[in-house]
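K.L.:
Counting from 1 along the sequence shown, just add 653 to a position and that's the residue number in the working numbering.
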Amino acid sequence: MRREHPSPAPVLSPASRPAGRAGADDATAVAHPNIALVKYWGKRDERLVLPVTSSLSMTLDILPTTTRVRLVAGAGRDEATLNGVSATGETHRRITAFLQLVRERAGDGRRAVVDSTNTVPTGAGLASSASGFAALAVAAAAAYGLDPGTTALSRLARRGSGSASRSLFGGFAVWHAGHDTATGTVTGTGTGTAEEAEAEEAADLGSYAEPVPAAAGMDPALVVAVVDAGPKTVSSREAMRRTVSTSPLYLPWADSSTRDLADMRTALRAGDLDAVGEIAERNALGMHATMLAARPAVRYLSPATVTVLDTVLGLRREGIGAYATMDAGPNVKILCRRTDAPRVAQALRAGAVRGSVLVAGPGPGARLLGGER
Ligand code: DP6
654 MRREHPSPAP VLSPASRPAG RAGADDATAV AHPNIALVKY WGKRDERLVL PVTSSLSMTL
714 DILPTTTRVR LVAGAGRDEA TLNGVSATGE THRRITAFLQ LVRERAGDGR RAVVDSTNTV
774 PTGAGLASSA SGFAALAVAA AAAYGLDPGT TALSRLARRG SGSASRSLFG GFAVWHAGHD
834 TATGTVTGTG TGTAEEAEAE EAADLGSYAE PVPAAAGMDP ALVVAVVDAG PKTVSSREAM
894 RRTVSTSPLY LPWADSSTRD LADMRTALRA GDLDAVGEIA ERNALGMHAT MLAARPAVRY
954 LSPATVTVLD TVLGLRREGI GAYATMDAGP NVKILCRRTD APRVAQALRA GAVRGSVLVA
1014 GPGPGARLLG GER
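Dropping the structure here:
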């Protein structure tokens, strides 16, 4: 049942630093998706990708993204392919903007060729931007000769896509929202005063991910029910923006999410999988409620999603600890004990899920592939 991926990455200890050649001009990195158990939904600063609330996720051991970055002297623009197809439009813009940050830090203006291979369907709410920007951060930093350490790489990945900050780490990771300083606003244009620049730097420094301790022996699995692998109709970026600015339920959810995070840390430390699952499910349903109340509403959940939620309730009535979470798409990820995963997957296949059902465990942090080529 476990789907094999072509080159399984070894599990690194969460605190380990991606190792490899610095200043290589050519570097390849691999990163895995993560699924938030306490969600990130809403930015307080779009340009710096600073979230309203802190979030917590589990990195998966399936569906990795592998990204190669090669620097090209004399090229006038960055080139990028995703699964062999040239990136254009907004995707190309986001990659170039991200590379520009790396270039500024490295003091190296060379353009790059980026080749990225995803085993996860892109843009379907299956965290492809998390693994994608985490792999790009690690590979680009190495190619441009930066070796800032994992925390700084997490901040850098955040600038590409917020959830990518968490994929730097294996197992469970928390992404700290950080705080704005009293000295100025971070919502400026970036062209402002020295005071604004200082405030921005402080805010940037405060928002990064790090590993979260969990009791040994919890042995969690996430069963991924792909009910629709097509791209989402509204990007999570746009949906978040709309939710924050128009949903009357947003602030109450953000408040309760802060409490969910504290409860989640306690449940993980205690190794209480049922508590972890209950918190994750209520947090995700609350996040979707905020979107449903946005104007106009954003609805990612489909009839098949709701049928899967019924299956999950049915499993719980049978005494199986199974808990659902959904992101910016109709697909459902079900947290359960690894020993229960075959039963959960079987129930899903017997019910609503026509697409694939994948079983994931906790996966490794992002890393450079060193010297294979
Ligand atoms: C629902 O990280 O994709 O998956 O920062 O705008 O790129 P941007 O958003 P992204 O949003 C992920 C939202 C989520 C919840 C989560 O992963 O925490």
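Built from N, CA and C at the ideal position, the CB exists for glycine as well.
(1) According to DSSP, is residue 763 helix, strand or coil?
(2) Mapping DSSP to helix, strand and coil, what is residue 675?
(3) Give the secondary structure of residue 905 by DSSP, where H, G and I count as helix, E and B as strand, and everything else as coil.
(4) At the level of alpha carbons, what is the spacing between residue 951 and residue 797?
(5) Which whole-angstrom value describes the C-beta separation of residue 820 and residue 1019, a residue pair presumed to lie in contact below a C-beta threshold of 8 Å?
(6) How should residue 857 be labelled, buried or exposed, when 16 other C-beta atoms within 10 angstroms of its C-beta is the threshold for buried?
(7) Is residue 890 near ligand 1, going by C-beta to nearest heavy atom under 7 Å?
(8) I need the straight-line Cα distance from residue 983 to residue 904, nearest angstrom please.
(9) Shortest alpha-carbon distance to residue 686 belongs to which of 759, 733 and 770?
(10) Tell me the rounded alpha-carbon separation between residue 893 and residue 899.
(11) Using alpha carbons as the reference points, say which of 978, 871 and 956 lies closest to residue 926.
(12) Any heavy atom of ligand 1 inside 7 Å of the beta-carbon of residue 783?
(13) Do the stretch 950 to 969 and the stretch 996 to 1006 make contact, defined as three or more Cβ pairs closer than 8 Å?
(14) For residue 861, verify whether its CB is less than 7 Å away from any heavy atom of ligand 1.
(15) Keeping to the same chain, check which residues put their C-beta closer than 6 Å to that of residue 977; ignore five residues upstream and five downstream.
(16) Hey, would you say the C-beta of residue 980 is under 7 Å away from at least one heavy atom of ligand 1?
P.N.:
According to the structure data:
(1) Working through the sequence shown from its first residue, we reach residue 763 at position 110. If DSSP states are grouped into helix, strand and coil, residue 763 belongs with coil.
(2) By 1-based counting over the sequence shown, the position of residue 675 is 22. For residue 675, the predicted structure reports a pLDDT of 47, less than 50, and the residue's modelled location is therefore unreliable. A value from the coordinates is still provided. Residue state, collapsed to three classes: coil.
(3) Translated into positions along the sequence shown, residue 905 becomes position 252. DSSP places residue 905 in helix when its eight states are reduced to three.
(4) Looking up residue 951 in the sequence shown gives position 298. Looking up residue 797 in the sequence shown gives position 144. For residue 951 and residue 797, the distance between alpha carbons rounds to 39 Å.
(5) By 1-based counting over the sequence shown, the position of residue 820 is 167. By 1-based counting over the sequence shown, the position of residue 1019 is 366. Residue 820 to residue 1019, Cβ: 6 Å. Contact.
(6) By 1-based counting over the sequence shown, the position of residue 857 is 204. It is buried - the Cβ of residue 857 has at least 16 other Cβ atoms within 10 Å.
(7) Taking the sequence shown and counting its residues from 1, one reaches residue 890 at position 237. Result yes, Cβ under 7 Å from ligand 1.
(8) Reading the sequence shown from its first residue, position 330 is the one you call residue 983. Reading the sequence shown from its first residue, position 251 is the one you call residue 904. Those two C-alpha atoms are separated by around 24 Å.
(9) Residue numbering aside, residue 686 sits at position 33 when the sequence shown is read from its first letter. Per the Cα distances, 770.
(10) Here residue 893 is taken as the residue at index 240 of the sequence shown, counted from 1. Here residue 899 is taken as the residue at index 246 of the sequence shown, counted from 1. Going from the Cα of residue 893 to the Cα of residue 899 covers about 10 Å.
(11) As a first step, residue 926 must be located in the sequence shown, where it is residue number 273. Residue 871 is the option with its Cα nearest to residue 926.
(12) Position 130 of the sequence shown, counting from 1, holds the residue named residue 783. It does: the Cβ of residue 783 is within 7 Å (strictly closer) of some heavy atom of ligand 1.
(13) yes
(14) In the sequence shown, residue 861 corresponds to position 208, counting from 1. Flag unset: Cβ of residue 861 not near ligand 1.
(15) Mapped onto the sequence shown, residue 977 falls at position 324. Answer for residue 977: 934, 962, 965, 985 and 987, listed in chain order.
(16) Here residue 980 refers to the residue found at position 327 when the sequence shown is read from its first residue. Correct: residue 980 has its Cβ closer than 7 Å to ligand 1.
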